[in-house]
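Visitor:
Numbering (this note's numbering), first residue to last: 23 to 244.
#1: Secondary structure at residue 199, three-state DSSP: helix, strand or coil?
#2: Starting from residue 220, trace the alpha helix (DSSP H) both ways and give me its first and last residue.
#3: Are at least three pairs of beta-carbons, each pair with one atom in the stretch 75-94 and one in the stretch 132-142, less than 8 Å apart?
#4: Could you check which residue in 53, 69, 86 and 92 has the C-alpha nearest to that of residue 59?
#5: Near residue 68, which residues of its chain fall below 6 Å by C-beta distance, leaving aside the five closest residues on each side in sequence?
#6: Can you tell me which residues form a DSSP beta bridge with residue 245?
#7: If we ignore side chains and look at the alpha-carbon of each, how far apart do residue 55 and residue 223 end up?
#8: Counting only runs of 3+ residues fully inside the stretch 72-147, write out the beta strand (DSSP E) ranges in chain order.
#9: Check whether the stretch 157-171 and the stretch 92-101 touch, using three or more Cβ-Cβ pairs below 8 Å as the test.
#10: Go to residue 5, then tell me how far its beta strand (DSSP E) extends in each direction, as first and last residue.
#11: What does DSSP give as the partner residue(s) for residue 164 in the beta ladder?
#12: Which residue from 90, 140 and 156 puts its Cα closest to that of residue 215?
#13: Does the beta-carbon of residue 170 have 16 or more other beta-carbons within 10 angstroms, so that it is buried, or is it exposed?
#14: Going by beta-carbon coordinates alone, are residue 86 and residue 227 separated by less than 8 Å?
#15: Could you name the residues of the same chain whose beta carbon sits closer than 6 Å to that of residue 50, not counting the 5 residues immediately before and after it, in chain order?
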């Protein structure tokens, strides 16, 4: 038992220790970003689960876009209106999905966010700005950094998995199902990001969006 506890503590300390983040991005050469009077954030995909977390990350990108001079239609609003319209298309980057977003919201571009990795210590993120008519990539950014998981959240996740395995009962399949119920799903789950997670995710978002061309030329820093 002592060895197990020591291992859990080492994992927890490692997860809490790394807080750096970095990113890179590329923009279409010669594109006039001042023509983008409005951008719609249509989806957050990858290792994130639940609308609350996805909307939280969408809001972080909304702030970064607004800093650059863009008017933003948030993901939550997109989902709400499309539901009212009884639009069933799950892929909003498809020709049908883009056409529907353009028809309803009159936007020239959409932003798609993906989080392909969210593990004990590190996360990675990318974002693409797509022309709504042609799907041409106008800008793409990526970044990575700490997950912001503290010792408490890591220990809680391990404990949740153990409890879930017990609740799962008998066979191997039941134990695996129980562990998932316990909270270890290899991504961001739950109603909201914890304060530590939100702080680190916000840093990565800022790095990803750092080189997004501003819609209107900004004054040079003194």
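For glycine and all other residues, C-beta sits at the position ideal for the given N, C-alpha and C. Fair warning: this is a prediction, and the values are worked out from it, not measured in the lab.
Guide: According to the structure shown:
#1: Since pLDDT at residue 199 reaches only 36, below the 50 mark, its modelled position is unreliable, and the value read off the structure follows with that caveat. Residue 199 falls in the helix class under three-state DSSP.
#2: 217-231
#3: yes
#4: 92
#5: 136, 137 and 138
#6: This structure does not reach residue 245, given that the chain is present from 23 up to 244, and the question cannot be answered.
#7: When rounded, the separation of the alpha-carbon atoms in residue 55 and residue 223 is 26 Å.
#8: 93-95 and 131-140
#9: no
#10: With the chain covering 23 to 244 only, the question about residue 5 has no answer from this structure.
#11: 46 and 148
#12: 140
#13: Result: buried.
#14: yes
#15: The residues 160, in chain order, have a CB closer than 6 Å to that of residue 50 in the same chain once the five nearest residues on each side in sequence are set aside.
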